[in-house]
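Undergrad: Start counting at 1 in the sequence shown, then tack on 659, and there's your number in the numbering used here. Handing you this structure, nothing more for now.
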Amino acid sequence: MSTLLKIQFTLPESETAECQVYLSGRVAHGWEEKPLEDDTIFYTIHLEDHPLGSEIVAEIQKRWPEAGCISEEIEAENWGLAWKEYFEPIVCGDMFEILPPWLMDTKTEGLRHIVIEPKMAFGTGGHPTTALCLELISKLYREGKLDPKMNFFDLGTGSAILAIALAKLGVKGTGVDIDPQSIVCALENLQNNGVESDVTLAVGSADCIDQNLKYDLVVANILSGPLIELSSAVIARLKENSILILSGILNEQAEGVAKAYITKGLPAPEIFIDGEWAALLWENISATDS
C-alpha cells in the first residue's frame with residue numbers, strides 16, 4: 660500500500676498570516692489548521708511527494724525552530740479516513756456549499772452544491788480567499804452581472820471550485836493550472852458536479868492557450884507575487900466591459916497588487932477583506948484598459 664508523509668507543527672496565532680503565505684506557495688492542495696486553547700495553531704499536512712515533504716520539514720524547522728515540526732509516514736488509506744472524520748460542509752456566502760460526496764444527504768437546501776472528493780492533489784475550499792471569491796461571484800450573480808452568454812478564465816484553477824461555481828451559474832469557461840496533477844483532479848471534480856462539458860482545462864499559466872482568446876470574467880486566486888508578475892498576461896485576457904477578481908492576497912499586499920494593475924491602465928479596484936486576506940474586484944473594464 661502507498662504511504663503519505665504526515666507533517667505536523669504548532670505556531671502562535673500571530674504567525675498565522677506568514678505561515679499561510681508560506682504553505683500556499685508550497686502545498687497547493689491545502690492543509691489542516693486546528694486552534695488550540697493556548698492561542699496557537701496546530702498544523703497538519705499530508706503529502707504524496709516525500710522529497711518535497713522532507714524539504715518542507717527542513718524549511719519549517721529553519722524558519723520556525725520553535726514550531727516543533729515533525730513528520731511520519733502513514734498509509735494512504737488512513738489519510739482518507741481521517742478526512743471523513745473532520746471534514747464538514749463549507750457554506751460560502753448565501754449561494755454555495757462545498758461538501759464531499761458522503762455528506763450529500765446533509766446538504767443545505769436552497770444552495771448550489773459543489774461536490775469535492777478530498778484528495779492529495781487539491782484543496783477543499785476552506786481557505787478564506789476561496790470564500791471571498793465565491794462571495795464576489797455570488798454578489799455579481801445577484802446583481803445580474805453574470806449570465807450564460809458570458810465566459811470566464813480561471814487562472815490557477817486548482818481543484819476547480821471556482822470554475823464549478825461559475826458553471827453552476829450557467830457561465831462556461833476555461834481553467835488552467837501549472838500543476839498537471841491538479842488538472843487531473845479538477846477534471847474529476849467537474850465530472851462529479853456534472854459540468855465537465857462547460858469547462859475546458861489546460862496545464863499552464865495565463866499564456867498557455869490561444870493568445871487571442873479573451874473573457875468576460877477573469878478570476879485568479881493565487882498569491883500576490885504571481886499576480887503582480889502576471890499582470891500583463893491577465894489583463895490581456897480581458898474583454899471590453901469585463902470583470903476581474905484577484906485573491907490569495909494578504910491585507911497588507913492588496914495595495915501593491917492593485918498598483919501593479921493600475922499602472923497598466925486599470926482603474927482602482929474595490930477591496931474586500933476576510934480576516935487577514937483580501938480580494939480585489941474590477942467591473943466594467945473598458946477596452947482601452949485591457
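Just so it is clear, CB atoms sit at the ideal spot from N, CA and C, and this is done for glycine as well.
Given that a residue counts as buried once 16 or more other Cβ atoms are within 10 Å of its Cβ, and exposed if not, what is Pro928?
TA: Position 269 of the sequence shown, counting from 1, holds the residue named residue 928. Classification for Pro928: buried.
Undergrad: In angstroms, rounded to a whole number, what distance separates the CA positions of Thr767 and Val750?
TA: In the sequence shown, counting from the first residue as 1, residue 767 sits at position 108. In the sequence shown, counting from the first residue as 1, residue 750 sits at position 91. Going by the C-alpha atoms only, they are around 9 Å apart.
Undergrad: Going by DSSP, name the residue or residues bridged to Pro694.
TA: Working through the sequence shown from its first residue, we reach residue 694 at position 35. Per DSSP, Ile700.
Undergrad: Three-state secondary structure (DSSP) at Gln870?
TA: In the sequence shown, counting from the first residue as 1, residue 870 sits at position 211. DSSP places Gln870 in coil when its eight states are reduced to three.
Undergrad: So if DSSP puts Gln912 in a beta bridge, which residue, or which two residues, is it bridged to?
TA: As a working mapping, residue 912 is identified with position 253 in the sequence shown. None; Gln912 has no bridge partner.
Undergrad: Using three-state DSSP, classify Lys798 as helix, strand or coil.
TA: Taking the sequence shown and counting its residues from 1, one reaches residue 798 at position 139. DSSP places Lys798 in helix when its eight states are reduced to three.
Undergrad: Any idea what DSSP makes of Ile719, helix, strand or coil?
TA: On the sequence shown, position 60 is the one that residue 719 refers to. Three-state DSSP puts Ile719 in a helix.
Undergrad: Starting from Glu888, follow the alpha helix (DSSP H) in both directions and report where the run begins and ends.
TA: The sequence position of residue 888 within the sequence shown is 229, counting from 1. Counting along the chain, the alpha helix (DSSP H) containing Glu888 begins and ends at 883-888.
Undergrad: When DSSP labels each residue in this structure, what does Phe668 get in the three-state scheme?
TA: To locate residue 668, count along the sequence shown from 1; it is residue 9. Three-state result, Phe668: strand.
Undergrad: Given that a residue counts as buried once 16 or more other Cβ atoms are within 10 Å of its Cβ, and exposed if not, what is Ser962?
TA: As displayed, the chain neither begins before 660 nor continues past 949, which places residue 962 out of reach and without an answer.
Undergrad: Please report the Cβ distance between Ser901 and Val916, rounded to the nearest whole angstrom; I am assuming they are in contact, meaning their Cβ atoms lie under 8 Å.
TA: For the purposes of this step, residue 901 is taken as residue 242 along the sequence shown, with counting starting at 1. For the purposes of this step, residue 916 is taken as residue 257 along the sequence shown, with counting starting at 1. Contact doesn't hold; Cβ gap of about 18 Å is too wide.
Undergrad: Taking the alpha carbon of Cys627 as the reference point, which residue from Ala865, Ile908, Gln840 has its own alpha carbon closest?
TA: What is shown of the chain runs 660 to 949, which leaves residue 627 out entirely.
Undergrad: Can you list, in chain order, the residues of its chain with a C-beta nearer than 7 Å to that of Ala726? Leave out the 5 residues immediately preceding and following it.
TA: Indexing the sequence shown from 1 puts residue 726 at position 67. Phe668, Thr669, Leu670, Ile719.
Undergrad: The alpha helix (DSSP H) spanning Cys751 covers which residue range?
TA: Position 92 of the sequence shown, counted from the first residue, corresponds to residue 751. It is not in any alpha helix (DSSP H) - Cys751 instead sits in the beta strand (DSSP E) that spans 749-751.
Undergrad: How big is the Cα-Cα spacing for Ser883 and Ser864?
TA: Taking the first residue of the sequence shown as 1, we reach residue 883 at position 224. Taking the first residue of the sequence shown as 1, we reach residue 864 at position 205. Their Cα atoms are separated by approximately 15 Å.
Undergrad: With Ala895 as the anchor, note down where its beta strand (DSSP E) starts and where it stops.
TA: As a working mapping, residue 895 is identified with position 236 in the sequence shown. Element bounds for Ala895: n/a, residue is neither H nor E.
Undergrad: Count the CB pairs spanning the segment 670-683 and the segment 698-713 that are closer than 8 Å, and state whether there are at least three.
TA: Yes, since at least three Cβ pairs between the segment 670-683 and the segment 698-713 fall closer than 8 Å, the two stretches touch.
Undergrad: With H, G and I counted as helix, E and B as strand and the rest as coil, what does DSSP make of Ser730?
TA: Counted from its first residue, the sequence shown places residue 730 at position 71. It is a strand residue.
Undergrad: So the beta strand (DSSP E) Leu814 belongs to, where does it begin and stop?
TA: Along the sequence shown, read from residue 1 onward, the residue named residue 814 stands at position 155. Residues 810-814.
Undergrad: Consult DSSP for Asn851 and reduce its assignment to one of helix, strand or coil.
TA: As a first step, residue 851 must be located in the sequence shown, where it is residue number 192. Here Asn851 sits in helix by DSSP.
Undergrad: Quick check: the Cα distance between Ser818 and Cys867, rounded to an integer number of angstroms?
TA: Numbered from its first residue, the sequence shown carries residue 818 at position 159. Numbered from its first residue, the sequence shown carries residue 867 at position 208. Looking at the two C-alpha atoms, the distance is approximately 18 Å.
Undergrad: Any chance the segment 791-810 sits against the segment 843-861, with 3 or more Cβ pairs inside 8 Å?
TA: No, because fewer than three Cβ pairs between the segment 791-810 and the segment 843-861 fall closer than 8 Å, the two stretches do not touch.
Undergrad: Between the Cα of Lys873 and the Cα atoms of Ile930, Thr816, Phe811, Lys923, which residue gives the shortest distance?
TA: Counting from one through the sequence shown, the residue named residue 873 turns up at place 214. Checking every option, the nearest Cα to that of Lys873 belongs to Phe811.
Undergrad: According to DSSP, simplified to helix, strand and coil, what is Ile711?
TA: Here residue 711 corresponds to residue number 52 of the sequence shown, with the count starting at 1. It is Leu, not Ile, that sits at residue 711 in the sequence shown. Residue state, collapsed to three classes: helix.
Undergrad: Determine whether the beta carbon atoms of Ile666 and Leu695 lie at a separation below 8 Å.
TA: The count along the sequence shown starts at 1 and reaches residue 666 at position 7. The count along the sequence shown starts at 1 and reaches residue 695 at position 36. Their beta carbons are not under 8 Å apart, which means Ile666 does not touch Leu695 by this criterion.
Undergrad: Mind checking His709: buried by the 16 CB within 10 Å criterion, or exposed?
TA: By 1-based counting over the sequence shown, the position of residue 709 is 50. His709 is exposed by the Cβ-count criterion.
Undergrad: For Asp806, count neighbouring Cβ atoms within 10 angstroms of its own Cβ and tell me buried if that reaches 16, exposed if not.
TA: In the sequence shown, counting from the first residue as 1, residue 806 sits at position 147. Flag for Asp806 reads exposed.
Undergrad: For His772, which beta-bridge partners are listed by DSSP?
TA: Numbered from its first residue, the sequence shown carries residue 772 at position 113. In DSSP, His772 forms a bridge with Glu756.
Undergrad: Taking Cβ to Cβ, would you say Ile904 is nearer than 8 Å to Lys923?
TA: Residue mapping note: residue 904 aligns to position 245 of the sequence shown, counting from 1. Residue mapping note: residue 923 aligns to position 264 of the sequence shown, counting from 1. Cβ distance not < 8 Å, so Ile904 and Lys923 don't count as in contact.
Undergrad: Using CA coordinates, which residue listed in Val843, Met809, Ser841, Pro839 is at the minimum distance from Gly829?
TA: The sequence position of residue 829 within the sequence shown is 170, counting from 1. For the residues Val843, Met809, Ser841, Pro839, the minimum Cα distance to Gly829 belongs to Met809.
Undergrad: Just verifying my parser: in three-state terms, what is the DSSP assignment at Asp764?
TA: In the sequence shown, residue 764 corresponds to position 105, counting from 1. Looking at Asp764 - three-state DSSP - the assignment turns out to be helix.
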